[in-house]
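To start, the structure itself, in structure tokens.
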Amino acid sequence: GAVVSQHPSRVICKSGTSVKIECRSLDFQATTMFWYRQFPKKSLMLMATSNEGSKATYEQGVEKDKFLINHASLTLSTLTVTSAHPEDSSFYICSAREVTAMNTEAFFGQGTRLTVV
Amino acid sequence: GENVEQHPSTLSVQEGDSAVIKCTYSDSASNYFPWYKQELGKRPQLIIDIRSNVGEKKDQRIAVTLNKTAKHFSLHITETQPEDSAVYFCAASTRGYSTLTFGKGTMLLVSP
Chain A
781 GAVVSQHPSR
791 VICKSGTSVK
801 IECRSLDFQA
811 TTMFWYRQFP
821 KKSLMLMATS
831 NEGSKATYEQ
841 GVEKDKFLIN
851 HASLTLSTLT
861 VTSAHPEDSS
871 FYICSAREVT
881 AMNTEAFFGQ
891 GTRLTVV
Chain B
2 GENVEQHPST
12 LSVQEGDSAV
22 IKCTYSDSAS
32 NYFPWYKQEL
42 GKRPQLIIDI
52 RSNVGEKKDQ
62 RIAVTLNKTA
72 KHFSLHITET
82 QPEDSAVYFC
92 AASTRGYSTL
102 TFGKGTMLLV
112 SP
């Protein structure tokens, strides 16, 4: 199946700093990518939909100035957590759907474990 | 928007037993229903999916059924094994580039 690569897999940062997470579709073009946040033992909560060449669409309650999303190419979307605080510590995971005539499967990146100290 | 409810939240079975996880959805326009398995600290992996023009799909020990009228779909795992232990998520969406709406997940524990 298609591959979505996310980097870094783990990051520890100091409170007040910013962290950038990259999501790449390695063998297909993704005009749309999705960013999720997952708390321990909880489900995947959609944060925003990243659209190539245009602004991201944020879910209600997600601060767009805090979680900056850039989708500059058909294979790369980035999520930047700005001025991170301990409550931003979480598992962040991206997804992209490969849409073909035969398939419409969503593939996930490896996820990024963010710890803000 | 779409709302997906999933039950139970936890499920403990003995090895060899069957496990059933049920989901309901709200948007009648949804026509794609995947199931994902997520092991601790890892990415969700698709295990089976079903489209709205099909009522049932089977892949070895795993099967999914869909009732469009009632807007519910279920995952059936037969002859469970300890390695089946994980969190399982159902999801619903329309085909194409739209997002998946996930259920809250079911933690399945298979005891030897």
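In order, the protein sequence lines correspond to chains A and B.
According to the working numbering, the first sequence holds residues 781 to 897 in order.
According to the working numbering, the second sequence holds residues 2 to 113 in order.
Don't be surprised by glycine CBs; every beta carbon is placed ideally from N, CA and C.
Interface flag, residue i vs chain D, CB-CB below 8 Å
i	result
residue 862/A	Absent here is chain D; the protein component of the structure consists of chains A and B.
Chain-ordered neighbours of residue i on chain A, where CB pairs are closer than 9 Å
i	result
residue 101/B	814, 824, 826, 875, 877 and 886
residue 74/B	In chain order: nothing, as chain A lies at least about 16 Å away.
Secondary structure of residue i, DSSP reduced to three states
i	result
residue 35/B	strand
residue 1/B	Limits of chain B in this structure are 2 at one end and 113 at the other, which puts residue 1/B out of reach.
residue 20/B	strand
residue 71/B	coil
residue 50/B	strand
residue 60/B	strand
residue 94/B	strand
residue 30/B	coil
residue 810/A	coil
residue 4/B	coil
residue 840/A	coil
residue 846/A	coil
residue 10/B	coil
residue 103/B	strand
Assigned exposure category for residue i - 16 Cβ within 10 Å defines buried
i	result
residue 835/A	exposed
residue 829/A	buried
residue 55/B	exposed
residue 861/A	buried
residue 67/B	buried
residue 104/B	buried
residue 42/B	exposed
residue 821/A	exposed
Cβ shell of residue i (< 6 Å), same chain only, five flanking positions each side left out
i	result
residue 8/B	23
residue 856/A	804
residue 890/A	786 and 789
residue 77/B	21 and 64
residue 871/A	818, 891 and 893
residue 846/A	862
residue 783/A	806 and 807
Contact set for residue i: own chain, Cβ-Cβ below 7 Å, skip 5 residues either direction
i	result
residue 793/A	799, 864 and 896
residue 109/B	12, 20, 85, 86, 87 and 89
residue 95/B	30, 31, 32 and 33
Residues that residue i contacts on chain A, provided the C-beta gap is smaller than 8 Å
i	result
residue 33/B	884
Partner residues on chain B for residue i, Cβ-Cβ distance less than 9 Å
i	result
residue 890/A	43 and 44
Residues near residue i by beta carbon distance below 8 Å, same chain, minus five either side
i	result
residue 831/A	811, 812, 837 and 851
residue 112/B	13, 14, 15, 16 and 83
residue 2/B	28 and 102
residue 842/A	827 and 828
Cross-chain neighbours of residue i in chain A, by beta carbon under 7 Å
i	result
residue 106/B	823
residue 47/B	885
Partners in chain B for residue i, counting only beta-carbon separations shorter than 8 Å
i	result
residue 797/A	Under the 8 Å cutoff, chain B gives no residues; its nearest Cβ is about 24 Å from residue 797/A.
Chain-ordered neighbours of residue i on chain B, where CB pairs are closer than 7 Å
i	result
residue 829/A	100
> In the segment 858-889 of chain A, which residue ranges form an unbroken beta strand (DSSP E) of at least 3 residues, counting only runs that do not cross its ends?
Replying inline: Listed in chain order, the complete beta strand (DSSP E) runs (minimum 3 residues) inside the segment 858-889 of chain A are 870-877 and 886-888.
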